[in-house]
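**Student:**
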Amino acid sequence: MRSTKISIFLMLPVVILAMVQCKSNKVPQLGKDPVKDVIAAMTLEEKAFFVTGTGMIFPGLNMPGDTSAPTPGAPVVGETQKLVPGAAGTTYEIPRLGIPSMVLSDGPAGLRISPKRENDSATYYCTAFPIATLLASSWDTALIGMVGQAMGNDILEYGADIILGPGMNIQRNPLCGRNFEYYSEDPYVTGKMAAAMVNGVESMGVGTSIKHFAANNAETNRMGLNTIVSERALREIYLEGFRIAVEEAQPWTVMSSYNLINGTMASESNDLLTKVLRDDWGFKGCVMTDWFGGRDAVAQMKAGNDLLMPGTPQQAKMIYDAVKAGKLDVVMLDRNIERILNILLETPRFKGYKYSNKPDLTGHATVVRQAATEGMVLLKNENSALPLASNVKTIATFGTATFETIIGGVGSGDVNEAYAVSIADGLKNAGYTPDESLVNAYLSYIKKTRESMPKAKNPLMALMGVKEPVPEMKIDAALAAQMAAKADVAVITIGRISGEAADRLVDNDFNLSVTEKALITVVSKAFHARGKKVVVLLNVGGVVETASWKDQPDAVLIVWQGGQEMGNSVADIVSGKVNPSGKLAITFPVRYADGSTVKDFPGIVLETEPTSQESPKEDDLSSFMQPKASKIVYEEGIYVGYRYYETFGVRPSYAFGYGLSYTTFEYGNIKLSSDKFSDQITISVDVKNSGGVAGKEAVQLYLAAPAKKLDKPALEFKGFAKTKL
Ligand code: GLC
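In terms of our numbering, the sequence shown opens at residue 15 and continues consecutively.
1) For ALA540 and LEU739, I'd like the C-alpha separation in whole angstroms.
2) Give the straight-line distance between the Cα atoms of SER466 and TYR459, rounded to the nearest whole angstrom.
3) What residue range does the alpha helix (DSSP H) around GLN328 cover?
4) Report whether the distance from the Cβ of ASP517 to the nearest heavy atom of the ligand GLC is below 6 Å.
5) Given 8 Å as the limit, is there contact between the region 376-394 and the region 642-652, that is, 3 or more CB pairs closer than that?
6) Going by the C-beta, is ASP304 closer than 6 Å to any heavy atom of the ligand GLC?
7) Cβ atoms of LYS407 and ILE361: under 7 Å apart, would you say?
8) Taking just the CA atoms, how far does ASN167 sit from THR611?
9) Which whole-angstrom value is the C-beta distance of ILE572 and VAL554, which I expect to be below 8 Å?
10) Would you grab the beta carbon distance between GLU559 and PHE524 for me? Rounded to a whole angstrom, and I think it's under 8 Å.
11) Taking the alpha-carbon positions, what's the GLY425 to PRO473 distance?
12) Buried or exposed for ILE145, please, with buried defined as at least 16 other CB atoms from any protein chain shown within 10 angstroms of its CB.
13) To the nearest whole angstrom, what separates the beta carbons of ALA434 and GLN575, a pair I think is in contact under 8 Å?
14) Considering Cα atoms alone, identify which of GLU352, LEU400, LEU441 is closest to THR419.
15) What's the C-alpha gap between GLY238 and GLY308?
16) I'd like to confirm the pairing. Which residues does DSSP put opposite CYS300 in its beta bridges?
17) Can you give me the Cβ contacts of ALA311 inside the same chain, cut-off strictly under 7 Å, excluding the 5 residues immediately before and after it?
18) Along the beta strand (DSSP E) that carries LYS685, what are the first and last residues, could you check?
19) In three-state DSSP terms, what is SER82?
20) At which residues does the alpha helix (DSSP H) containing ASP168 begin and terminate?
21) Whose C-beta lies closer than 6 Å to the C-beta of ALA719 among residues of the same chain, with five residues either side of it excluded?
22) Rounded to a whole number of angstroms, what is the C-alpha to C-alpha distance between GLN163 and ALA210?
23) Would you please state the rounded distance, in angstroms, between the beta carbons of ALA515 and GLY191? I believe it to be under 8 Å.
24) Where do the N-terminal and C-terminal ends of the alpha helix (DSSP H) with GLY112 fall, by residue?
25) In its own chain, which residues sit with a C-beta less than 6 Å from the C-beta of PHE731, not counting the 5 before and 5 after it?
26) Is PRO448 helix, strand or coil when you go by DSSP?
27) Note down, in chain order, each residue of its chain lying with its Cβ closer than 7 Å to the Cβ of LEU620, except the 5 sequence neighbours on either side.
28) With DSSP as the reference, label GLY205 as helix, strand or coil.
29) In whole angstroms, what is the alpha-carbon distance linking GLY423 and PRO99?
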C-alpha cells in the first residue's frame, strides 16, 4: 500500500500543475507580483517540493532509508540537472508561477560540471583554481577577489546560478581530509579570505554558499559525528570566520554542515541557523543543507534550513504530511520559501541571462598562474639555492609528484579542467632541461606501478575514478651520484592528495614515508658532495612533517596544490621571475602529537547501531553515506593552532605567519593612533625593502591582551596588509 500511496503522491506535482493551469490564467508571476502573492498561489504539494531539491542520481547508491525511489511517471529525480549536466543539484521549477529552477554547482576551487555531454561535440571544461589553503597563504584579499571574479565568469557563462563554496571551516587538526578546501587555523584570516572570495564571485551576478556551517572539522563519520564544543570556542573560533563573511559579504546562501553540534544536527539547529546566523549576524539569504545532510526534514524547516539538497521525494512527503497533520505551521514553510524566492530573483537564470558556454578560460588561466605564485611559501633558502642561478640548465627532477603533480583535492572540491601543467612541464616551459634518463626512469616506474595499484581507499576517490598517487620511487646512492655528476641542481617534489569522505593518516601521509626521507637524504648527500644545491618542493594540500629532514636540502618551498597552471607557477618562483611572498596561514608542528587536537581525532565511534538500517559495507560509498554515530570533544577550547603553540610554549617547525622572500624588509616608525585602547585603534608602520629585488610583504598585526578574569591566548591575529615594494 505504501508504494502505491507514494507513487500517487509523487504524481501530484505533475497532475496538480496541469489541473491548476486550465482553471485560471490569472496566477501571480514571480518578479511581476509580490513574492507573498506567488507563495499564496502555490499548492501545498508545490511548496513541499520547492523546499527540497530535484534530487541526485548517484549510480548504484541506495540512500540511507530512502525507499521512495521515483516511480515510473513521477518527476524524474534529478531531471532538471540536465540544465547544466554535472551540477550538484537543482531546485524545482513551477512554470505556472514564473518560477525557474536554480542550478547549484560545486566547488571552492572552481566550477565542477561534466566536461562532455551526450550528442554534443562541445566541451565544458572549467578553470581549476588554486586551493583555499594556498589562497590564504597569499595574505592578499584583492588577489582573492580577482580569483573570485574569474570563477564567477565560469559560473555565469556555463549557466550555473550558485557555486557551493567557499569552504571555510577552521583547520583544527592537520589530518582533516578537506583542509585543502579551507583557509586557515585562524578565524580572522578565514573570514577575511572568505569575504573576499564571496564579494569577487558575487560581483559577477552569481551566488555563493559559504560552508560547512559549522564546526565540521573532520570527514570520518561526518554525518554522524557529534562535535562537543564550548560556547566560547564555538563563537571565538568556529563561528567567527562565518560571522565576518556574513557581515562583510552577505553571501547569497549558507550551507549547513553534516555534523551535530552539542547533540543537535547543525541543519536542525534553530540556535545556529536562526538565533546566531539571522538574529545575531543579520544574514538575509537562504540556508541549504549539505547533500543528504540531516535526518528530520520537519525539524530542518523549523530551524530555518530553508532548502534541503539535493532533495528526495521522501523529504517532500514528510513536509507535506507534517503540514497536513498540523505538525508544521505552513507560515514557517512560507517563510523558508520566501527566502529561497528572494535569492532566486537574483539569479542569472531568473533574469533570463543568455549564457554563452564560453567563459574566458584563457584569461582565467593567467589569473590561476599569478594567484598560485602569490600563495607559495618559501620556508628555507640557504646558500642562495633559490632563485636558481642563471647558469643552471639541467635539473635532476626527483619525486613522482614532479610528473603526476597534484593540482587540487578530491571529492566535490575537484574540478574538471582541460589541462594541468605538471612541475616537470613547467620547468621545461621555463627553459630548464630535466635530466632525460631520470625522467624516463620515473615515467616507466609510474606506468608500471599504476597498472598494479588497488582501487583508491577513499570511497569517493574510488567512485570518481581518481587515481591515488603511486608510492615514491626508491633512489639509490649510485643513481643519486650519477645525477649529481650530470645535473646542475636537484629538485625533489613530495606530493600529497586528500579529499572529501576520508581523513588523512599520520604515517606515510603527515609523516613522510621511509622512501621519501631516504630520497631527500641520498640526493642531498650526493649533490652536496659536488657542491650543488637541492630544493624540496611540497606539493601538498595541508600540513606535513618537516622538522626531521628540513636541515638536509638547501631550500624548501611549499607549492601547495596550485591549480591547472601550477607547473608554470613553480617555475616562475624557482627561476626568480616571481619573488615568493606567501606566509603560512597554518602551523607546521614538529610532530603531529604536539598538537592540541590530537586526542580522539577524528572522533570516537559510539557503541550503538549504525545510524541507518543497513550495516555499512566498508568498501563502498554506502559506508560513507551511512556513518556510525561518533563523538569528539574539543577539549582544547580556543587553543587551536598558534593560539595553542604560542600560549603553551610548544615550538613548531614552521610557525603561523612564517614565510621568506628573495629580498629582506625592515619595519620601523610604528605609530598607534592612541595610547589607550577603546573600540578602535589604528596602527601604522613603515616597511622598507632592504634587499636587492622587488618583493611583496604581508604585514601582520597580533594583539596580546592581559589575561585578567578570563584566560586568553598569548596573542591573537588581528590584522594584515600586503605591500608591493
Ligand atoms: C558534499 C560536500 C559539499 C558539496 C555537496 C555537493 O557532500 O560536503 O561540500 O558542496 O556535497 O556536492
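Ideal Cβ placement from N, Cα and C applies to all residues, glycine included.
**Tutor:** Based on what the coordinates show:
1) Taking the first residue of the sequence shown as 1, we reach residue 540 at position 526. Taking the first residue of the sequence shown as 1, we reach residue 739 at position 725. Approximately 38 Å, taken between the alpha carbons.
2) Numbered from 1 along the sequence shown, position 452 holds the residue referred to as residue 466. Numbered from 1 along the sequence shown, position 445 holds the residue referred to as residue 459. The alpha-carbon atoms of SER466 and TYR459 are separated by roughly 11 Å.
3) Residue numbering aside, residue 328 sits at position 314 when the sequence shown is read from its first letter. 327-338 is the extent of the alpha helix (DSSP H) around GLN328.
4) The residue you call residue 517 lines up with position 503 of the sequence shown. False, no ligand heavy atom lies under 6 Å from that Cβ.
5) no
6) Translated into positions along the sequence shown, residue 304 becomes position 290. For the ligand GLC, at least one heavy atom lies less than 6 Å from the Cβ of ASP304.
7) As a position in the sequence shown, residue 361 is number 347, starting the count at 1. As a position in the sequence shown, residue 407 is number 393, starting the count at 1. Before going on, a small fix: residue 361 reads as Thr here, not Ile. For THR361 and LYS407, no; Cβs fall outside 7 Å.
8) Counting from one through the sequence shown, the residue named residue 611 turns up at place 597. Counting from one through the sequence shown, the residue named residue 167 turns up at place 153. Cα to Cα, THR611 sits roughly 39 Å from ASN167.
9) As a working mapping, residue 572 is identified with position 558 in the sequence shown. As a working mapping, residue 554 is identified with position 540 in the sequence shown. Contact holds; Cβ gap of about 7 Å.
10) One-based indexing of the sequence shown puts residue 559 at position 545. One-based indexing of the sequence shown puts residue 524 at position 510. Going by Cβ atoms, the distance from GLU559 to PHE524 rounds to 6 Å, so yes, they are a contact pair.
11) Working through the sequence shown from its first residue, we reach residue 425 at position 411. Working through the sequence shown from its first residue, we reach residue 473 at position 459. Distance between the alpha carbons of GLY425 and PRO473: 10 Å.
12) Within the sequence shown, residue 145 is the residue found at index 131, counting from 1. Flag for ILE145 reads buried.
13) Along the sequence shown, read from residue 1 onward, the residue named residue 434 stands at position 420. Along the sequence shown, read from residue 1 onward, the residue named residue 575 stands at position 561. Not quite, the Cβ-Cβ distance comes to about 10 Å (not below 8 Å), so this is no contact.
14) To locate residue 419, count along the sequence shown from 1; it is residue 405. Cα-wise, what sits closest to THR419 is LEU441.
15) As a working mapping, residue 238 is identified with position 224 in the sequence shown. As a working mapping, residue 308 is identified with position 294 in the sequence shown. Straight-line Cα distance between these residues: approximately 9 Å.
16) On the sequence shown, position 286 is the one that residue 300 refers to. Per DSSP, THR267.
17) Counting from 1 along the sequence shown, the entry for residue 311 is found at position 297. These residues qualify, in order along the chain: LEU322, GLN329, MET332, ILE333.
18) As a working note, residue 685 is residue 671 in the sequence shown. Element bounds for LYS685: 679-686.
19) For the purposes of this step, residue 82 is taken as the residue at position 68 of the sequence shown. Note that SER82 scores a pLDDT of 42, beneath 50, so its modelled location is shaky; the value from the coordinates is reported in the next line. Looking at SER82 - three-state DSSP - the assignment turns out to be coil, as it is neither helix nor strand.
20) As a position in the sequence shown, residue 168 is number 154, starting the count at 1. Taken as a continuous stretch (DSSP letters only), the alpha helix (DSSP H) holding ASP168 covers 155-171.
21) Taking the first residue of the sequence shown as 1, we reach residue 719 at position 705. Excluding residues within five positions, the ones whose Cβ falls inside 6 Å are LYS726.
22) Sequence index remark: in the sequence shown, residue 163 carries index 149 (1-based). Sequence index remark: in the sequence shown, residue 210 carries index 196 (1-based). Near 10 Å, if we compare the C-alpha coordinates of ALA210 and GLN163.
23) Position 501 of the sequence shown holds residue 515. Position 177 of the sequence shown holds residue 191. Between GLY191 and ALA515 the Cβ distance is about 7 Å, and since that is below 8 Å, they are a contact.
24) Along the sequence shown, read from residue 1 onward, the residue named residue 112 stands at position 98. Per DSSP, GLY112 belongs to no alpha helix (DSSP H) and is neither H nor E.
25) Walking along the sequence shown from the start, residue 731 turns up at place 717. ASP200, TYR202, TYR716.
26) Along the sequence shown, read from residue 1 onward, the residue named residue 448 stands at position 434. Reduced to three states, the DSSP call for PRO448 is strand.
27) The residue you call residue 620 lines up with position 606 of the sequence shown. ALA643, SER644, LYS645.
28) Indexing the sequence shown from 1 puts residue 205 at position 191. In the structure shown, GLY205 sits in a helix (DSSP, three-state: H, G or I).
29) Along the sequence shown, read from residue 1 onward, the residue named residue 423 stands at position 409. Along the sequence shown, read from residue 1 onward, the residue named residue 99 stands at position 85. Approximately 21 Å, taken between the alpha carbons.
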